[in-house]
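Chains as they are written, first to last, in the numbering used here: chain E, 133 to 387; chain P, 133 to 387. Reading through the structure tokens given below for one structure.
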């Protein structure tokens, strides 16, 4: 199952990725890894592995990881609820999720990658100690010189302090945002219009009040207009540990 | 500030601890450590340190850790929101909170202890890698032969699976419970009657609907009556990684 909101688009996206790769020799040379999330990977194996991709898939649970194993996913990304933007309906966090997924699926053919809370050498070391083969750092790379996110978004991550994020509705389920008056308002609206975000009970566009999604669309648009007051900016809980906007090379060398 | 609900009792509890220790030579010999939580430690230093205790205090944030440092707390317990029973109003989880607290306060005189998500050798190793001096394991010790928690509670921890806990109102703020039909009902009631649990906005007994607390009292009573259907049983998110009820010595040796 793919999240109801994106189901019609999944085949189009995957087919396009495969076609682009087949039609363009340069893409075939460089486009080696495909990264999927927000749904059940079983059923996609023949298409994705058949096209020659290394396949990474994101899961928020042991149940999801076991489906990845069944599907033949190469790298399972265990995404703790600390992560930025879309998160799962039922929260499990990296300190629990990562070792649980490693215990459930890790072997010589199946790598596990931590996500959610990782931003530096000591958190990468923690991921490795917990049995992972690596860690994904989204918010850390967002706040770099080279990142093409809007400047107010990057600055928002750098400015985030202690307890600087919250969870409210995203396009395809719960999402983690930088805490601002705007996202506080969105969280209150979420509580009223999509309470499943806080209760772990999924809803979708066929049942929910769409004014919540309209608010999100306007708020994402505001980011790209540089409108700080109306902007909703996603980030991982780890934003509070990120206090600079280095060049990528300097940041990676520092890990 | 102490949580509004327990404020009147704080002085009584601390004074009693000090008096018992002064009156009883055996207690003076063995009662060396005092463990406090759920409030601001500043203002308690003279009383607690003056009585000769080693002082441990639990905090859910860097802000709280800085108050501990100011208060002269000996061991600061950085309690991630993954932890069982009472948690903070504003969630920060161990992978972020622990290194953030270490960076903010750790020195030769101030130790930092991780809490929330720790249950075995690899999570203890992760705590140490993140800069902590140790880790607290509550749910792990709850599920041991020697633990005096009720048998259905201990069995509930062992039985907990993937995504096996949820957050709903506790006596003095948000709390983490094993996920059951009863706690699901309590979470729904919390959303209606104490929405601040999900929005990070504290309420207390002077403003909230007390039927929620009455429900909790009945549900805790049910645990001690062995009534599984009506029981509310607290546990950390890590319950899903705990699948046995060993003797304490065997468990500790295995770490």
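Ideal placement from N, C-alpha and C gives every residue a C-beta, glycine not left out.
First and last residue of the uninterrupted alpha helix (DSSP H) at residue i
i	result
residue 256 of chain E	253-261
residue 226 of chain P	226-237
residue 157 of chain P	157-162
residue 354 of chain P	343-356
residue 199 of chain P	194-203
residue 319 of chain P	313-325
residue 292 of chain E	Note, residue 292 of chain E: premise wrong, no alpha helix (DSSP H); not H, not E.
Any non-hydrogen atom of the ligand NAD within 7 Å of residue i CB
i	result
residue 265 of chain E	Questions concerning the ligand NAD fall outside what the structure shown contains, since it holds no ligand whatsoever.
Residue environment, residue i, which counts as buried when at least 16 other CB atoms sit within 10 Å
i	result
residue 294 of chain E	buried
residue 134 of chain E	Any answer about residue 134 of chain E is weak, because its pLDDT of 49 lies below 50 and its placement is not dependable; what the coordinates show is given next. When all chains shown are included, residue 134 of chain E counts as buried.
residue 168 of chain P	buried
residue 224 of chain E	buried
residue 367 of chain P	buried
residue 361 of chain P	exposed
residue 338 of chain P	exposed
residue 162 of chain P	exposed
residue 379 of chain E	exposed
residue 268 of chain P	buried
residue 351 of chain P	buried
residue 343 of chain E	exposed
residue 154 of chain P	exposed
residue 171 of chain E	buried
residue 385 of chain P	exposed
residue 166 of chain P	buried
residue 408 of chain P	Lying before the first or after the last residue shown, residue 408 of chain P is absent from chain P, which here runs from 133 to 387.
residue 145 of chain P	exposed
residue 205 of chain P	buried
Check whether residue i and residue j have beta carbons under 8 Å apart
i	j	result
residue 290 of chain E	residue 219 of chain E	no
residue 216 of chain P	residue 272 of chain P	no
residue 282 of chain E	residue 356 of chain E	yes
residue 221 of chain E	residue 327 of chain E	no
residue 249 of chain P	residue 329 of chain P	no
residue 203 of chain P	residue 174 of chain P	yes
residue 231 of chain E	residue 373 of chain P	yes
residue 325 of chain E	residue 340 of chain E	yes
residue 311 of chain E	residue 296 of chain E	yes
residue 323 of chain P	residue 320 of chain E	no
residue 149 of chain P	residue 190 of chain P	no
residue 207 of chain E	residue 251 of chain E	no
residue 229 of chain E	residue 210 of chain E	yes
residue 377 of chain P	residue 276 of chain P	yes
residue 164 of chain P	residue 186 of chain P	yes
residue 236 of chain P	residue 194 of chain P	yes
Residue i, enclosing beta strand (DSSP E) - first and last residue
i	result
residue 188 of chain P	186-191
residue 132 of chain P	Because chain P spans 133 through 387 in this model, residue 132 of chain P falls outside it and cannot be assessed.
residue 211 of chain P	207-211
residue 364 of chain E	Residue 364 of chain E -> no beta strand (DSSP E), and no H or E assigned at all.
residue 168 of chain P	165-168
residue 304 of chain E	First-last for residue 304 of chain E: undefined, no H or E at that position.
Under 8 Å from the C-beta of residue i: neighbouring residues of chain E
i	result
residue 193 of chain P	294, 295
residue 307 of chain P	Chain E residues near residue 307 of chain P: none, gap ~15 Å exceeds 8 Å.
residue 254 of chain P	231, 261, 262, 263
Chain-ordered neighbours of residue i on chain P, where CB pairs are closer than 8 Å
i	result
residue 370 of chain E	227, 228
residue 224 of chain E	294, 295, 369, 372
Listed by chain order, chain E residues near residue i by CB distance under 7 Å
i	result
residue 361 of chain P	The premise fails here: residue 361 of chain P is roughly 20 Å from chain E at the closest Cβ pair, so nothing lies under 7 Å.
residue 320 of chain P	331
Residues that residue i contacts on chain E, provided the C-beta gap is smaller than 9 Å
i	result
residue 174 of chain P	Per Cβ cutoff of 9 Å: no residues; residue 174 of chain P is ~17 Å from chain E at best.
Listed by chain order, chain P residues near residue i by CB distance under 7 Å
i	result
residue 317 of chain E	Simply none; closest approach about 11 Å.
residue 257 of chain E	261
residue 249 of chain E	225, 227, 228
Cross-chain neighbours of residue i in chain P, by beta carbon under 9 Å
i	result
residue 212 of chain E	225, 227
Any chain A beta carbon closer than 8 Å to residue i
i	result
residue 139 of chain P	The structure shown contains no chain A; the protein chains it does contain are E and P.
Open item on the list: Tell me which residues of the stretch 226-247 of chain E have at least one Cβ-Cβ distance to chain P shorter than 7 Å, keeping chain order.
Closed with: 226, 227, 228, 231, 232
Task: Residues in the stretch 280-303 of chain P having any Cβ partner in chain E nearer than 7 Å - done: 294, 295, 298
Open item on the list: Along the stretch 324-358 of chain P, where does the CB come closer than 8 Å to a CB of chain E? Name the residues.
Closed with: 327, 330, 331, 332
Open item on the list: Can you pull out the residues from the stretch 264-281 of chain P whose beta carbon lies closer than 9 Å to at least one beta carbon of chain E?
Closed with: none
- [ ] Give, in chain order, every residue of the stretch 181-209 of chain E whose Cβ lies closer than 7 Å to some Cβ of chain P.
- [x] 193, 194, 195
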